[in-house]
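Protein chains in written order, with the numbering used here: chain S, 4 to 305; chain F, 139 to 367. Beta carbons: idealized from backbone N, C-alpha and C, even for Gly. Beneath this line is the structure, given in structure tokens, with notes to follow.
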């Protein structure tokens with residue numbers, strides 16, 4: 004009885020206010036989609052950092068037949084030079100770990116990385132791959148020290164800092180994340196105002212009913228709950244829409260577009276997306292519920 | 139049942155208080171007319187009983203409760219013990235007669251079975267049996283007021299407040315409504331009715347409390363509308 008009464012009141016309210024309700028739902032959808040995208044970009048940065056920072060940060064490429072730097076003078080690195088470098092690297096205090104990667108190993112990794120481009124793999128032989136020392140620093144910021152120490156050593160082709168390479172990408176993602184959050188923030192304001200207005204209109208259009216309810220002694224709970232739930236239902240529908248968009252976005256943008264295009268890193272998986280769904284749903288309900296609540300407090304007097 | 143002790147009420151927008159030191163004691167089962175010209179404080183008097191307004195000074199007791207000590211969340215319980223009828227009926231135009239009366243019970247959480255039982259009973263009592271399915275705009279003014287009375291009485295309140303219930307009705311229809319209020323009063327319900335209708339007050343010969351400029355200027359058992367009438 005209670006539930007049935009309240010449900011029918013919600014239905015009446017939402018239908019009576021259909022255009023406003025749709026506007027609320029769409030605004031909430033966009034707000035939460037933006038928030039979700041911002042969050043997932045953040046997660047993507049984490050995933051990339053985990054992936055890359057765990058790996059070697061500085062790569063010291065050794066001279067090979069294809070090396071173009073003047074330091075090599077067209078000659079391959081000699082075994083003595085390589086052993087010397089290896090020993091020195093192990094003795095360098097800033098260095099935590101050193102791995103040697105042979106041409107063969109580099110080629111294997113290359114084949115795995117570019118397995119989607121068989122033409123490229125076919126045209127490259129193991130011999131063309133550079134040998135390298137992959138160096139993990141105790142503190143990644145100390146790249147410059149290691150770089151300047153080994154840059155001009157005989158047999159060294161180039162020193163490459165992976166972190167430097169990745170920084171622009173992280174910066175780009177950071178900007179994307181900020182933009183998404185700013186959008187979400189602006190839309191949040193719009194959504195709050197819109198919900199507040201919708202509930203006010205709803206309260207006004209039902210003032211006759213609420214007036215009688217107050218008169219016959221209906222409790223505040225009874226008078227206010229339909230309005231509150233009306234807001235919450237609109238918020239929930241909007242949040243479901245946002246979840247849908249986030250899922251589609253992850254599937255289309257990440258899986259269909261980025262993954263085949265940019266193979267050098269890995270991407271957020273479904274677990275990150277699934278984890279955002281309850282947060283988005285809850286935010287939608289809370290956002291609209293609270294906005295409704297405060298509006299009701301102001302416009303439905305006891 | 140109702141006791142006002144030195145009650146004053148001032149509104150911030152007005153220099154003269156709407157009620158000024160009013161002392162009134164109404165026993166259980168009484169029928170009281172509240173008379174006086176417009177702006178004499180009748181409506182404020184009635185609103186105080188519902189705690190729609192709080193007095194600036196003095197105490198209001200209703201049904202054994204001191205309203206100044208009644209916390210806000212208990213106001214609904216107070217209002218459930220008071221039925222209200224107004225000059226403008228205040229029916230919901232998109233609900234049938236039955237639904238209008240049932241609404242008053244639904245919103246205080248009465249079970250459906252009770253509603254199905256008591257609504258036809260009260261419609262019968264007010265003389266609207268057979269019109270339960272009508273919409274308010276299909277009824278005459280007198281019939282609409284009967285619906286309003288049914289809604290006010292369906293929860294069997296201890297007190298019935300009527301604010302000029304015959305103000306929009308012709309004299310013969312008004313007599314019908316008064317007979318109905320009288321019948322409700324005979325069930326033991328206290329009735330407080332604000333009115334301008336001299337003929338009704340004179341014919342009923344019940345207690346009359348006259349307000350003028352916010353003060354009680356006359357309190358007469360078996361009184362009439364005006365002095366010397």
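Around residue 221 (chain S), the beta-carbon contacts reaching into chain F at under 7 angstroms are 214, 245 and 246.
The contact set of residue 230 (chain F) on chain S, defined by CB atoms closer than 8 angstroms, consists of 211, 212 and 215 in chain order. At least 8 angstroms separates the beta-carbon of residue 81 (chain S) from that of residue 135 (chain S).
Residue contact with chain S for residue 183 (chain F): absent (no Cβ-Cβ distance below 8 angstroms to any residue of chain S). For residue 8 (chain S), the neighbours in chain F by C-beta distance under 9 angstroms run, in chain order, 244, 245 and 247. Chain F places a beta carbon closer than 8 angstroms to that of residue 218 (chain S), counting this residue as a contact.
According to DSSP, residue pairing for residue 199 (chain F) in a beta bridge involves F:141 and F:204.
In the DSSP assignment, residue 146 (chain S) falls within the alpha helix (DSSP H) that extends over 146 to 153. For the alpha helix (DSSP H) assignment, the uninterrupted runs of no fewer than 4 residues enclosed by the region 75 to 161 of chain S are, from N- to C-terminal side, 82 to 94, 106 to 116, 121 to 126 and 146 to 153. A direct Cα-Cα distance of roughly 42 angstroms separates residue 14 (chain S) from residue 176 (chain S). When 9 angstroms is used as the limit between beta carbons, residue 241 (chain F) is near these residues of chain S: 212, 215, 216 and 219, in chain order. Taking C-beta atoms as the reference points, residue 280 (chain F) and residue 319 (chain F) fail to come closer than 8 angstroms. Residue 217 (chain F) has a beta carbon lying within less than 8 angstroms of a beta carbon in chain S.
Residue range 336 to 342 is occupied by the alpha helix (DSSP H) that includes residue 340 (chain F). Burial is judged here by how many other beta carbons sit within 10 angstroms of a residue's own beta carbon; residue 122 (chain S) has fewer than 16 and is exposed. The continuous alpha helix (DSSP H) containing residue 291 (chain S) extends over residues 273 to 302. At a cut-off of 8 angstroms, the C-beta of residue 225 (chain S) has a neighbouring C-beta in chain F.
In the structure shown, residue 315 (chain F) adopts helical secondary structure according to DSSP, grouped into three states.
If you compare the alpha carbons of F:235, F:309, F:276 and F:250 with that of residue 264 (chain F), the shortest gap goes to F:235.
Looking only at F:312, F:286, F:141 and F:310, the smallest Cα-Cα distance to residue 227 (chain F) is reached by F:286. In this structure, residue 133 (chain S) and residue 65 (chain S) form a Cβ contact; the two beta carbons are roughly 7 angstroms apart against a cut-off of 8 angstroms.
By the neighbour-count definition (other C-beta atoms within 10 Å, threshold 16), residue 192 (chain S) is an exposed residue. Nearest neighbour of residue 227 (chain S) by Cα position, chosen from S:174, S:294 and S:280, turns out to be S:294. Beta-bridge analysis with DSSP links residue 331 (chain F) to F:171 and F:300.
Within the same chain, Cβ atoms closer than 8 angstroms to the Cβ of residue 116 (chain S) are found at 266 and 267, the five residues on either side in sequence being excluded.
Under the DSSP assignment, residue 230 (chain S) falls in the alpha helix (DSSP H) whose first and last residues are 223 to 252.
Only residues of its own chain outside the window of five on either side were considered, and among them 69 have a CB closer than 7 angstroms to the CB of residue 131 (chain S), listed in chain order.
Apart from sequence neighbours up to five positions away, the residues of its chain that approach residue 232 (chain S) with a beta-carbon distance below 6 angstroms are 13, ordered along the chain. Contact annotation: the region 271 to 283 of chain S touches the region 31 to 50 of chain S, with at least three C-beta pairs closer than 8 angstroms.
When the beta-carbon positions are compared, residue 184 (chain F) and residue 301 (chain F) come within less than 8 angstroms of each other.
Counting along the chain, residue 254 (chain F) sits inside the alpha helix (DSSP H) bounded by residues 250 to 263.
Of the candidates S:211, S:194 and S:208, the residue whose Cα lies closest to the Cα of residue 291 (chain S) is S:194. Residue environment: residue 105 (chain S) is assigned as exposed (fewer than 16 neighbouring CB atoms within 10 Å of its CB, all protein chains considered).
Excluding its 5 nearest sequence neighbours in each direction, residue 241 (chain F) has C-beta neighbours in its own chain below 7 angstroms: 230 and 233, listed in chain order. Cβ-Cβ separation between residue 147 (chain F) and residue 155 (chain F): approximately 6 angstroms, consistent with a contact (criterion under 8 angstroms).
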